[in-house]
Structure formats: C-alpha cells, structure tokens
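*Asks:*
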Amino acid sequence: MKQPGTRSILSTLVILLAGCAAGGMPYTGAHLTPTECRDLAALRTNAPPTMAQHHSELAALRKAGYDPSPWYDDPYYPDDLQAAQHLVDYWFRTECQHSQPG
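Numbering (mature numbering (1 follows the signal peptide of the UniProt record, and there is no 0)), first residue to last: -23 to -1, 1 to 79.
Okay, here's the thing in structure tokens:
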C-alpha cells in the first residue's frame, strides 16, 4: 500500500486551515434583509400570514442555521428549530427595530 506523500498531506492541511480561518471570521453586516424584517414584523401582528411572509421567515431560519430535513428524520428536531428561532428573534430585536408591517 502506497503512503500519501508529505506534499499532499501538507496541501490538505493548508486547505483545511484556510477553511477554518475563513469560517471563523465574524459577520459584521445585517443578518436580515429589509423584506425579512418587514415580513417578520407582520407575522408578529397575528394577522393572516401570506406565503411570501412564510418564505421570508424560512429564509431567516435557514440563515440562523436551521435546515429542515426533507426526509423528516432530523435527530435534533425541535431543538435546532428552536435555537434558530431564538437567533432570528435576537436579530429581529437588534436589526429590525424600526420596521413596521406593511
């Protein structure tokens, strides 16, 4: 059996470390778009929701790390959904303070 060369291992490590460094950089921009802020504000009024508002809410949850399983076998459900909801709520409070439903 042939052993991997030092050069290929070193190349792999460099790529992995670069990915770790890039993934660890803090995000400084807004997490929610103005449309998501508007739709999330509208959903909080208990008015009948629209499909577009549901899509905005799902997009925000996905940004927060929630990935609905297409096979309904998510071993972390509902904990992962609730964690994403808490993060979206935090983003809404901090980024969408002046958004009014419209």
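Glycine included, every Cβ here is placed at the ideal spot set by N, Cα and C. Predicted model only: the values in this text are computed from it and were never measured.
(1) For the pair the segment 43 to 50 and the segment 4 to 22, tell me if three or more CB-CB distances fall below 8 angstroms.
(2) Within the same chain, show all residues whose beta-carbon is closer than 8 angstroms to that of residue 81, passing over the 5 residues directly before and after it, in chain order.
(3) For A18, does the three-state DSSP call read helix, strand or coil?
(4) Let's test the definition: count the other Cβ atoms within 10 Å of the Cβ of Q30 and tell me whether it reaches 16, buried, or not, exposed.
(5) Look up E72 in the DSSP assignment and say whether it is helix, strand or coil.
(6) Helix, strand or coil: how does DSSP classify L64 here?
(7) Can you give the Cα-Cα distance for D57 and D51, rounded to whole angstroms?
*Replies:* Concretely, from the data shown:
(1) no
(2) Summary: the structure shown does not reach residue 81, with the chain confined to residues -23 through 79, and so no result is reported for it.
(3) The residue you call residue 18 lines up with position 41 of the sequence shown. Three-state DSSP puts A18 in a helix.
(4) Position 53 of the sequence shown, counted from the start, is the residue given in the question as residue 30. Buried is the call here.
(5) Walking along the sequence shown from the start, residue 72 turns up at place 95. E72: helix per DSSP, three-state reduction.
(6) Here residue 64 refers to the residue found at position 87 when the sequence shown is read from its first residue. Correct three-state label for L64: helix.
(7) Here residue 57 refers to the residue found at position 80 of the sequence shown. Here residue 51 refers to the residue found at position 74 of the sequence shown. Cα to Cα, the separation comes out at about 9 angstroms.
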